Each structure stands twice: as C-alpha cells, then as structure tokens.
Amino acid sequence: MAMVATSARDTGKSRAARNWRPDRSTVISMLSVAVFFILWQLAPEMGWVNGRFTSQPTQVLVAAIDVILNDDFFYHARISLAEFSLGFALALVVSIPLGVLLGTSRTARHLIDPPLMALYVAPTLVLLPILVVSLGIGMASKVAIVFLNALFPIVVNTIAGMSEADPQLIRAARSFGASKLDVFVRILLPGSLPSILTGIRLAVGRGVMGVVVGELFVSQAGIGYQLNTYGSAMRIDRLLVYALVVSVFGYLLTVSVRALENRVSTWRPE
Amino acid sequence: MAEIEIRNLGIDYRKPNSDEVFAAVDDISLSIAAGEFVSIVGSSGCGKSTLLLSVAGLVKIARGTITIGGRPVSGPGPDRAVVFQDASLLPWRTVLGNVRFGLEMQRWTGGDLTERAMSMIKLVGLARFADYHPHQLSGGMRQRVNIARALAVDPQVLLMDEPFGALDAQTREIMGGELLRIWEGDKKTALFVTHDIDEAIFLSDKVVVMGRNPGHIKEVIAIDLPRPRTQEILDTPQFTEYRRRLRAHLAADMAGMHFMEEAA
Ligand SMILES: Nc1ncnc2c1ncn2[C@@H]1O[C@H](COP(=O)(O)OP(=O)(O)OP(=O)(O)O)[C@@H](O)[C@H]1O
Ligand SMILES: [Mg+2]
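Residue numbers (full-length UniProt numbering), protein chains in the order written: chain A, 1 to 270; chain B, 1 to 264.
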C-alpha cells in the first residue's frame, strides 16, 4: 500500500512556482520545438516521408480553422467536456470521503484495501466493454470510465495524506482540548491538502484519457468519435487538430491544479 | 487551586511490533503545591516526558492516580498547557497562526485572539517573525513559538518538556530568567523537564531526580534559595552544594546504566 501510494504521488513543486525567465533550458526547449516544426514542414516536401501520413504544420493550421468553422467542433467538444466534467465531479465527490475514511480507519483500510489496490493497478480500460454493455454507447459509459479512471489516484493520495499526519501535531492539538472534528478539520485536512491535490492532478490526465479512449472505443459523438472518424478516413490534418485540442485541455487543467498545489504547499520545506 | 498529587503512578507502553507492554514509569508519587516550580532531571529515556505527558492527560494511566486541585486527571484540560519537547508546530500556519491555535481550540473568550497571540509572540521576542512559517525559523525560534502557544491560553499548570533544549547557553539563560518573571507574575504551577542541572536549580523550588528501568523517583531535593533569583546566585556556596548533590545522583544513575549494559 505504502509503496503504491508513494509511487503514485510526486511532489507538486517545480519551476512553475518561480517567476518565468527564459533561462538556458527554456531556450533549448523552445529551439527544439521550432526545429521539430520546421522538420515536420519540410520532410514531406523533400520527399523524406509520405505527407499523407504525417501531414504538415501549415495543413494542420488550415484544418484547425476549417474544423472550428464547419465541423460541429463545439458540439463534439461539449459532449466530451460534459462526460469528463460529470465523471470527474463524481470521482471527486466519492474519492475524497473514501480516502478520508480509509486513511483514518484501520479497519476500513484492511477491509477495502486489497480490492481497491487490485483495481488501481489494473487498467480500468479493460472494464470498458462491460461498461458499454451495461450502460450503453451513450454518454453514461464514458462518464463511468472517467469516474473510474479518476477515482483511484485521488483515493490513494488522500489515504497517503491522511495516514502521514504527524502524530505529534495531533497530540499537541489534543493538549489544547481539540475534539475529533477539530483534529480532522485543523490537522488532517490542511496537512493532506497538497497530497489530495497531487491526486487530483494525476486524475486529470487519467480522466482525459478515459473520455477519449471511451469515445474511440464506441460512441456516436465527442472528440474521440471525431478522432476515430478522421483516423479511418486518413484525414491526418483533422485528426491532429482534435488530438491537439485534447492535449491542450489536459495540459491547461493539469497546470492549473499544479498552481493550486504550489499555493497550498508553500509551507512545505524545500 | 492547582496543586498536583501523583500517587503510585504507573504508565505502560507497548513494545514495538508486539502486544507486550513494559512500564515506562512505575510507582511514582509526588506532591506539587499550587504555584510551585518543580523540575525533573534524569538520564535520557528514564521517563521524564512520560511523567509530564501523564499530568497533561495525554497518555493512559495504567496504575495509580493523578489529581489536580483534587480532581482526577482523565484527559487534557484548559487548566494545563504543554510545551512539547519537539516543537510540534503546524507547518502550514505562521507563527501567529500557531500561537492562535491553542486559543482557537480552547474557544478562548478573553478578548481578541490575534491581540492575545501577538502579545505572547512579543513576550518570547519573535514580533518580527509573526508572519513566518515554522520551516523558516531556527530550532530555538520554533521552541519559543511552542512556549508562546502554551502561555497564550493562560494555564494554571504549565508543563514544559525541555523547552530550552534547542537554545544556545546565552539565550537559554535569558529565556530562563524570562520564564521566572512570567511565573512569579501570576504564580502558575510549573513542571519543567531539563537536562541542565544549573537550570533546574536556578528555576525550581524542588528538583526531582529520576532513575530508569522502570522510571522512578530517586530523590526530591528542595531548593532553598531566596527569590527573586538572579544570575549571581549561581556562584553562591549553597548553589554549588546543590549542584554537587545533583551531579552525584545523576552520575550514579549513569554508572548503573553502563553496568547493566555490560551485564546484558
Ligand atoms: N509512545 C511510546 N511508545 C512506546 N514506548 C515509548 C513511547 N514513548 C516513550 N517510550 C519509551 O518510554 C521510555 C521513557 O521515554 P521518555 O520519552 O519518557 O523518556 P525521557 O526521560 O523523556 O527521555 P529524553 O530525556 O531523552 O527525552 C523510553 O524507553 C522510551 O523508549
Ligand atoms: Mg523526553
């Protein structure tokens, strides 16, 4: 348990906390991105690769405008977003209390830990066929897969946060007459907040993957559905536009959670 | 009144990874009058913290009784406050937030919490650091926050577990003098654990010498020196005599320790 918990969390602290100044490493990263785009643009023209499979940055840009103007983009995006948000919200509502329970009650942990860990290490995507059979090919099965995907990182990190609470602090609180509720609200919760946010951050990636793979697998609409459509039609430029939308969405959300994480962990010694 | 009566006290701890228990302290009897300043000295691991925490109501009493002002101790209470051996500060709260913490927990009604906390922070000389988080402080500063947090709730009984352990000798003397001033001001009952013999004599009305295996009281020495006390007292023949007696007791305990370890 402890091993899984530690491997599933990494500290939220990073460069993001510091002021942005283009130092050596950023310059190198930006250069590498630029080189990548130039090569990507040139490769098909020079006949190094088949442009049918790789497309080109300029084509993707044109396709992006096309997709936004004439492709029901917002319709599909809205469906995927709804599936993601619903599943993720459900996961938050269930996972944090569950993690609190498991992190504070030894009995509950002994009871639920084995099945929970089995589910945590198993790729939840293997459940997809079952979900589709029981919930249909509509939004519900995708909501369920997001829920399952997002659930475990949050549960595991909440448990870790709760059980790592410093017993000395609890003792100090008790010496001032703190009730059980006081200890929970004033010690356990603030102490595990960074850990819980780490779980949420990891869950974002898994949730986004859940929507997309779920829709790819079977659906009638959504970003994954579009990916599937253009994938089979060999419309690589449009495929890449949708893929890019997914990455940007996941990236922005992850960065926001990380910013929150950094905010609440300022008290953590470096 | 906050006189403390400890009768035949025994505290058991569980051995690691087993259901066996051992007595950390046993058959401790000690009377502390209201307003008295009592120090506990003894070698490391002899049960000083255990004794202190039992008066705080933070460890389970296995045998015997503790009463404070005639009422048996069954848990923590607002009449007592503890300065812990490890500072035990909330790392996500600032110095101010930490000193407020005890007041918040006790639902303090004696005026503005922040004002009260700030005056305690000034008292321990950390006014400039009120907005710092514990990890930005030195060990000695953390310990002073720990002291301010306990003083803030204005307890009748002040339980201090090596509060000056992390301080340099000079600051230690100053803080000791300051502590005496506070204590003489409103005559709290004080129980004070220390490793420093001079400090124990300087501060106390009584010094309790503890021995180990299991923790027990070897001797209680009444310190009959006039108050208020100043640093000059350290050089008086009476002080030197107390120091000699305490040293002898502690040395005997240490010798016993080595003997036992060799025999084992
Ligand atoms: N929570 C605990 N569980 C089990 N054993 C404990 C616990 N706390 C203390 N002990 C044991 O009880 C004995 C007394 O410990 P205690 O902390 O009271 O010693 P101490 O006199 O304060 O030592 P020091 O001067 O080093 O602080 C030690 O043998 C210690 O290992
Ligand atoms: Mg101790």
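The beta-carbon is built from N, C-alpha and C at its ideal position, and this holds for glycine as well. Predicted, not measured: the structure shown is a model, and the values here were computed from it.
Item                                                                                                                                                            : Value
Does A/SER163 come within less than 8 Å of chain B when only Cβ atoms are used?                                                                                 : no
I want to see whether chain A comes within less than 8 Å of B/SER49, judged by CB atoms only; does it?                                                          : no
Starting from B/VAL153, find everything on chain A with Cβ-Cβ shorter than 7 Å and list it in chain order.                                                      : PHE176
Does B/THR189 come out as helix, strand or coil in the three-state DSSP assignment?                                                                             : strand
Let's test the definition: count the other Cβ atoms within 10 Å of the Cβ of B/GLY75 and tell me whether it reaches 16, buried, or not, exposed.                : exposed
Take B/TYR132 and list the residues in its own chain whose beta-carbon comes closer than 7 Å to its own, dropping the five residues that flank it on each side. : THR94, VAL95
Please indicate yes or no: does the CB of A/SER32 lie closer than 7 Å to some heavy atom of ligand 1?                                                           : no
I'd like the list of long-range same chain contacts for A/PRO167, defined as Cβ closer than 6 Å, with 5 residues on each side in sequence excluded.             : none
Please list the partners that B/ASP86 has in chain A, where partner means a Cβ-to-Cβ separation under 9 Å.                                                      : GLN168
Please report the distance separating the alpha-carbon of A/ALA203 from that of A/ALA77.                                                                        : 20 Å
Measuring only the C-alpha atoms, how far is A/TYR251 from B/ASP154?                                                                                            : 52 Å
In chain order, which continuous runs of the alpha helix (DSSP H) of length 4 or greater are located wholly inside the stretch 175-245 of chain A?              : 189-217, 223-232
What I want to know is whether the C-beta of B/THR236 ends up closer than 7 Å to one or more non-hydrogen atoms of ligand 1.                                    : no
For A/GLY136, count neighbouring Cβ atoms within 10 angstroms of its own Cβ and tell me buried if that reaches 16, exposed if not.                              : exposed
For B/SER31, which three-state DSSP category applies?                                                                                                           : strand
Would you check if the distance between the CB atom of B/ARG142 and the CB atom of B/ALA87 is smaller than 8 Å?                                                 : yes
From the DSSP output, which residues share a beta bridge with A/GLU261?                                                                                         : A/GLU261 pairs with nothing; no bridge assigned.
Could you give the uninterrupted runs of the alpha helix (DSSP H) lying entirely in the stretch 68-119 of chain B, keeping only those of 4 residues or more?    : 95-105
Verify the CB distance criterion: does B/PHE129 have a CB-CB separation below 8 Å to chain A?                                                                   : no
Do you know how far the Cα of B/PHE202 is from the Cα of B/ILE233?                                                                                              : 8 Å
Whose CA, out of B/LEU250, B/HIS135, B/GLN136, lies closest to the CA of B/VAL207?                                                                              : B/LEU250
If you compare alpha carbons, which of A/GLY214, A/SER265, A/SER247 is closest to A/ILE130?                                                                     : A/GLY214
With respect to the beta strand (DSSP E) encompassing B/TYR13, which residues constitute its N-terminal and C-terminal limits?                                  : 4-14
Could you please give the first and the last residue of the uninterrupted beta strand (DSSP E) stretch that includes B/VAL124?                                  : Element bounds for B/VAL124: n/a, residue is neither H nor E.
Could you check what DSSP says for B/ALA23 in three-state terms: helix, strand or coil?                                                                         : strand
By the criterion of Cβ-Cβ separation under 8 Å, what are the contact partners of B/GLY111 in chain A?                                                           : Going along chain A, no residue has its Cβ under 8 Å from B/GLY111, so there is no contact; the nearest lies around 17 Å.
B/HIS195 by DSSP, collapsed to three states: which one?                                                                                                         : coil
Against chain B, does A/ASP182 count as a neighbour if the rule is that its beta carbon must be under 8 Å from one of theirs?                                   : yes
With burial defined as no fewer than 16 other Cβ atoms inside 10 Å of the residue's Cβ, what is the status of B/GLU241: buried or exposed?                      : exposed
Could you tell me which whole alpha helix (DSSP H) segments of length 4 or greater appear in the stretch 113-154 of chain A?                                    : 128-135
Apart from the five residues on each side of it in sequence, which residues of its chain come closer than 7 Å, Cβ to Cβ, to residue 276 of chain A?             : In the structure displayed, chain A extends from 1 to 270; residue 276 of chain A sits before or after that span and is not available.
B/MET105 versus chain A: which residues are under 8 Å apart at the beta carbon?                                                                                 : ALA173, PHE176, GLY177, ALA178, ASP182, ARG186
Would you tell me roughly how many angstroms separate the C-alpha atoms of A/LEU197 and A/PRO97, rounded to the nearest one?                                    : 14 Å
What residues of chain A sit near B/ALA82, judged by a beta carbon separation below 7 Å?                                                                        : Note that residue 82 of chain B is Val in the sequence shown here, rather than Ala. The contacting residues are SER175.
Are any of the Cβ atoms in chain B nearer than 8 Å to that of A/ILE96?                                                                                          : no
Could you check whether the Cβ of B/LEU158 sits closer than 8 Å to any Cβ belonging to chain A?                                                                 : no
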